[in-house]
Amino acid sequence: MSKEITSREQDYSQWYNDLIIKGGLADYSAVRGCMVIKPYGFALWENMRDVLDKMFKDTGHQNAYFPLFIPKSFLSKEAAHIEGFAKECAVVTHYRLKTDPDGGGLIVDPDAKLEEELIIRPTSETIIWNTYKTWIQSYRDLPLLINQWANVVRWEMRTRLFLRTAEFLWQEGHTAHATANEAIAETRQMLDIYAEFAESWMAMPVIKGVKSINERFAGAVDTYCIEALMQDGKALQAGTSHFLGQNFAKAFDVKFSDKENKLDYVWATSWGVSTRLIGALVMAHSDDDGLVLPPKLAPIQVVIVPIFKGDDQKQLIDEKVRAFVKELKQAGVKVKYDDNENNRPGWKFAEYEMKGVPLRIAIGARDIANNVVEVVRRDTKEKMSMPIEGLTVNIIKLLDTIQESIYNKAFAYRSTHITPADTWEEFMDLLDNKGGFVSAHWDGTPETEDKIKELSKATIRCIPLNNVEEAGSCILTGNNSTERVLFARAY
RNA sequence: CGGGGCGUAGCGUAGCCCGGUUAUCGCGCCUGCUUUGGGAGCAGGAGGUCGCAAGUUCGAAUCUUGCCGCCCCGACCA
């Protein structure tokens, strides 16, 4: 055993790091807080990206690309926005290096100071709205539905692989609309798309909700989110969709003429998900033996391991395998035949378990004699013997079963981890000893939320969209409340 | 930014307290043979600015000072 994984029980964050590193998703880099996404991890991201990209395009969005650099003055145009991001911006101040006249390498050339510093985008609202100003004059230019796949930089104090890195990859949608209602509908539509993606593709149940004022995006009127629950009982914000009102239109003076030739500011949304989703995926399903990936996103869905003695057997196996691999591939299954002779079967079994490949097929002389293969599920470790005849259909069925099964497992965990609390003692006890979401009354004020956060380290994850009205009293202050909200400790 | 930990071969480590020939062990790597149904065995081999810099000393991985980097826990955040 050359690749030991720390167990969840022993040290949950070490377990998480082990999975990322030993599962081959990413590596630490020479740059603080920045990671290298390795081919296997990037393949996972590409799969996620492709699905989302199609969903965006199917709802009328187009991709574009805006600059990495943002003039400093742009950021300061929207007051709340700069407030939120100023503390974590990387700043470009010079455009040239030169050799040190006193010897010893390169120095920043003091003569090459920029007149205006450039910020490396932490998010692109400002540069995009500055551009939209020139693109939008009339209601005929609306709606403007644009998405960009990009990297952004936020100089975080403390980073964690995938969950919070100084540079990360994401998509950011930025739309402009003629009416508030249309913009709100867009915000909600994109939230639904994110939820659909999380649940149907990542097999990760999420709660759709709206953020409290404290947790709202800097510059938004309303922030909608999907919240997921990780195996250690902590919540994770998996995606956000913001209704920006006319804040950015006003800050960047983006007006349009409506049909009556009246000038008005446009209504805006922005929405994004990031490589953080990979972290969410890892923590949602994996176990102490390694990653568990949902079949619909797994870079490899089926791995085939031959077991043989001598070239004669190998040839027989190759022949059999070639036939059904072809069929699997034609059916759209992502299959890998690992006949690399450098590693033995046992090594491969462990390796692909580590990498979370949903199904493993082993085939040896024994199986060929019976015209079967051994199929093993990654999620349950269940071993079964399957006839080669009709294998493709059964594999596809099994992949669907796994997809559903890991969703159900995650859903069951989450269901038992949304717990109501009616007293402060109960509230704290749940957070300390059970984890998960705690459903509790809150008096609706930011001050109370701050106080609760200070006392419990829990924040309001969201006010669920499907909330029912219920009279009650605030968990902390006892003041009147009309609905419960979800609290949790979060990543 | 506060607290803790760690920097020795690609990875993981011993040695450091108490300075002294050629820096330990495992994995991995290379060559050969035997192996192959749960991380193979044997034999041989390659691989090191001991994080960096200065100091103490006849002599520093080991002692002193300074610096750098990374990880973990917190506060900030996706």
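For the first sequence, the working numbering gives the first residue as -8, with consecutive numbering after it.
Glycine included, each C-beta is placed from N, C-alpha and C at the ideal position.
This one's a predicted model, so the numbers in the text were calculated from it and none came from an experiment.
Beta-carbon proximity list for residue i, same chain, < 8 angstroms, skipping 5 on both sides
i, result
"Gln292", "Pro286, Val324, Lys325, Val326, Val348, Pro349, Leu350, Leu390"
"Ser472", "His432, Trp433, Asp434, Gly435, Ala462, Gly463, Ser464, Cys465"
"Lys124", "Phe243, Asp244, Val245"
"Gly281", "Ile(-4), Leu10, Lys13, Gly14, Glu344, Met345, Lys346, Gly347"
"Ser67", "Ile73"
"Lys300", "Ala356"
"Trp36", "Ile28, Leu160, Thr266, Ile269"
"Leu43", "Gln162, Ile184, Phe188, Val264"
Cutoff 7 angstroms; reference residue i; Cβ partners in own chain excluding five residues on either side
i, result
"Met39", "Leu268, Leu288"
"Phe234", "Ala174, Ile175, Thr178, Ala211, Val212, Asp213, Thr260"
"Phe65", "Thr117, Ile118, Asn121"
"Ile393", "Pro286, Pro349, Arg368, Asp370"
"Gln180", "Thr50"
"Thr170", "Trp258"
"Pro378", "Asn362, Val363"
Coarse secondary structure for residue i, derived from DSSP in three states
i, result
"Asp91", "coil"
"Gly230", "strand"
"Ile308", "helix"
"Met(-8)", "A caution first: Met(-8) carries a pLDDT of 36, below 50, which makes its placement in the model too unreliable to give a value."
"Arg452", "strand"
"Lys287", "coil"
"Asn385", "helix"
"Lys346", "coil"
"His408", "coil"
"Met375", "strand"
"Arg(-1)", "coil"
"Arg207", "coil"
"Glu332", "coil"
"Asn362", "coil"
"Ser472", "strand"
"Phe57", "coil"
"Ser64", "helix"
"Gly224", "coil"
"Thr532", "With the chain represented from -8 up to 482, any question about residue 532 goes unanswered, as that position is not in the structure."
"Gly463", "strand"
"Arg369", "coil"
"Thr439", "helix"
"Gly32", "helix"
"His52", "coil"
Candidates the options, of which the one nearest residue i by Cα
i, options, result
"Ile298", "Ser232, His276, Glu365, Thr266", "Glu365"
"Phe208", "Thr117, Phe243, Thr125, Gly75", "Gly75"
"Lys253", "Ser129, Phe159, Asn138, Gly230", "Ser129"
"Ala341", "Val363, Arg87, Val367, Glu318", "Val367"
"Gln321", "Gly270, Met377, Leu382, Val429", "Leu382"
"Trp161", "Asn238, Trp36, Ser115, Ser265", "Ser265"
"Arg151", "Pro290, Val27, Leu456", "Val27"
"Asn362", "Glu380, Met345, Pro290", "Glu380"
"Thr166", "Met195, Pro134, Trp6, Phe188", "Pro134"
"Asp2", "Asp223, Asn334, Pro290, Val294", "Asp223"
"Cys506", "Leu467, Pro113, Thr90, Gly263", "Residue 506 lies beyond the range of the chain shown here (-8 to 482); nothing can be said about it."
"Leu307", "Ile359, Val257, Met274, Lys241", "Ile359"
"Pro62", "Glu318, Arg112, Asn238", "Arg112"
"Lys89", "Val82, Asn457, Lys104, Ala77", "Lys104"
"Phe428", "Leu59, Asn470, Gly164, Gly200", "Gly200"
"Phe47", "Lys374, Asn138, Cys80", "Asn138"
Beta-bridge pairing of residue i - partner residues as DSSP gives them
i, result
"Gly236", "Ala259"
"Cys216", "Gly200, Thr231"
"His276", "Beta-bridge pairing links His276 to no other residue."
"Asp18", "Val27"
"Tyr7", "DSSP, once it has assigned bridges, lists no residue as partnering Tyr7."
"Leu254", "Ser248"
"Gln295", "The residue asked about is misnamed: residue 295 is Ile in this sequence, not Gln. Its beta-bridge partners are Tyr328, Ile352."
"Ser265", "Trp161"
"Phe478", "Val429, Ile451"
"His85", "Lys104"
"Gly281", "Asp278"
Chain-order list of residues whose beta-carbon lies under 6 angstroms from that of residue i (same chain, five-residue window excluded)
i, result
"Met(-8)", "For Met(-8), the predicted model reports a pLDDT of 36, less than 50, meaning its position is unreliable; a value from the coordinates is still stated below. Closer than 6 angstroms at the Cβ level, and outside the excluded window around Met(-8), lies no residue."
"Ala356", "Gln304"
"Lys372", "none"
"Tyr482", "Leu154, Lys225, Leu227"
"Val83", "Leu109"
Could you tell me which uninterrupted beta strand (DSSP E) segments, each at least 3 residues in length, are contained entirely in the region 93 to 180, listed from first to last along the chain? 97 to 99, 104 to 111, 135 to 144, 158 to 168
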